[in-house]
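Worksheet: one structure, shown below.
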Amino acid sequence: MKVGLFGANGRMGRVLIEAVQQHQDTELSVATVRDDSNWVGMNVGELAGIGTLPVTCQAFSQLDASQADVMIDFTLPAALDSNLSWCVNNKVPMVIGTTGLSKAQLNALEQAKAHIPIVFAANYSVGINLMLALVRQAAKALGDTADIEITEAHHRFKKDAPSGTAMAIGEAIADELDRDLSQCAVYGREGEEPERDQQTIGFATVRGGDIVGEHTALFADIGERLEITHKASSRLTFAQGAVKAAVWLHHQTPGLYGMSDVIGLD
């Protein structure tokens, strides 16, 4: 199966090059960068640090629909609109791992799903998606009495906060408890405040060094607490999950899917 990458020169793009090459059912067929990028023409294997491959970085404007069966996008929100439009116009399935999307962009995904199959997930780790199922169970059992806090830590370069994964954890918990996360989320505490409202869901963010990704959902009651934690030690984990999603997506009908569909948790 021919897999193409948007934003091959990005932090995740380089790891995705390696992940596509590792998978026995995929080959990297095209890797795009911005038209004005200095990376145009560079060998993608050398870019990823895995030797020489028969593909070079290509300007986005030169992308042709015959080059890929599925495109993977782990770029930035600013690039998503053009990437999504290209996939819709050319009827190419799309795996999206970009986080920090606006409401307008989320609406665009809803419209695009009528034309192409899309997998959109805040995190492509199998472990994280299992965690999303586990926090739902914990919320169902403990959510009426426990205080719920979500903490996350990432590298210093991450731009969005809280992370898309932390928000997905919060959404899963809120949905299980029939709460509106936009109304019950608390993103920071400082100074003197009233006693904690048990109906709220708190978020705490850490940014530093080269932390790949750590997420914890805390359910704290009087006398006991439950912590569900996932720690990623390599970005290759996320990249391998995205390639797994691309292989699965190749055979799907138009629609908007999640990683839970890919690994069969629903």
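Residue numbers 1 to 266, in UniProt numbering, belong to the letters of the sequence shown in order.
Using N, Cα and C, we set each Cβ at its ideal position, and we do this for glycine too.
Only counting the same chain, and skipping five residues up and downstream in sequence, which positions put a Cβ closer than 6 Å to that of residue i?
i	result
residue 39	9, 33, 57
residue 18	48, 50
residue 184	199, 200, 201
residue 130	none
residue 122	99, 164, 165, 168
residue 23	243
residue 140	176
residue 93	70, 116, 117, 249
Out of the options, which one is the CA nearest neighbour of residue i?
i	options	result
residue 216	208, 207, 203, 224	203
residue 80	120, 114, 64	120
residue 152	248, 170, 137, 144	170
residue 247	7, 20, 13	20
residue 54	196, 146, 62, 45	45
residue 6	191, 67, 125	67
residue 88	65, 138, 147	65
residue 256	108, 29, 232	108
residue 254	59, 25, 77, 91	91
residue 77	144, 59, 63, 105	105
residue 52	59, 43, 60	43
residue 143	127, 174, 124	174
residue 138	103, 102, 124, 226	226
Tell me which same chain residues have a C-beta within less than 8 Å of the C-beta of residue i, skipping the five on either side of it?
i	result
residue 189	202
residue 207	153, 154, 155, 156, 158, 161
residue 287	Past the edges of the chain, shown from 1 to 266, lies residue 287, and the structure says nothing about it.
residue 1	25, 26, 27, 69, 70, 246, 247, 250
Once the 5 residues before and after residue i are set aside, which same chain residues still bring their CB inside 7 Å of it?
i	result
residue 134	228
residue 41	56, 57
residue 262	119, 244, 245, 248
residue 16	5, 72, 74, 239, 242
residue 147	196, 198, 220
**Q.** Unbroken stretches of the alpha helix (DSSP H), 4 residues or longer, contained in the UniProt domain "Dihydrodipicolinate reductase C-terminal" (127-263)
**A.** 164-176, 181-184, 236-249, 259-263
Q: Could I get the ranges of all uninterrupted alpha helix (DSSP H) runs contained in the UniProt domain "Dihydrodipicolinate reductase N-terminal" (1-124), with 4 residues as the minimum, in chain order?
A: 11-22, 44-48, 77-90, 103-112
**Q.** Touching by the beta-carbon criterion (3+ pairs, under 8 Å), the stretch 67-74 and the stretch 89-106
**A.** yes
Q: Could you tell me whether the stretch 212-229 touches the stretch 148-163, using the rule of 3 or more Cβ pairs below 8 Å?
A: yes
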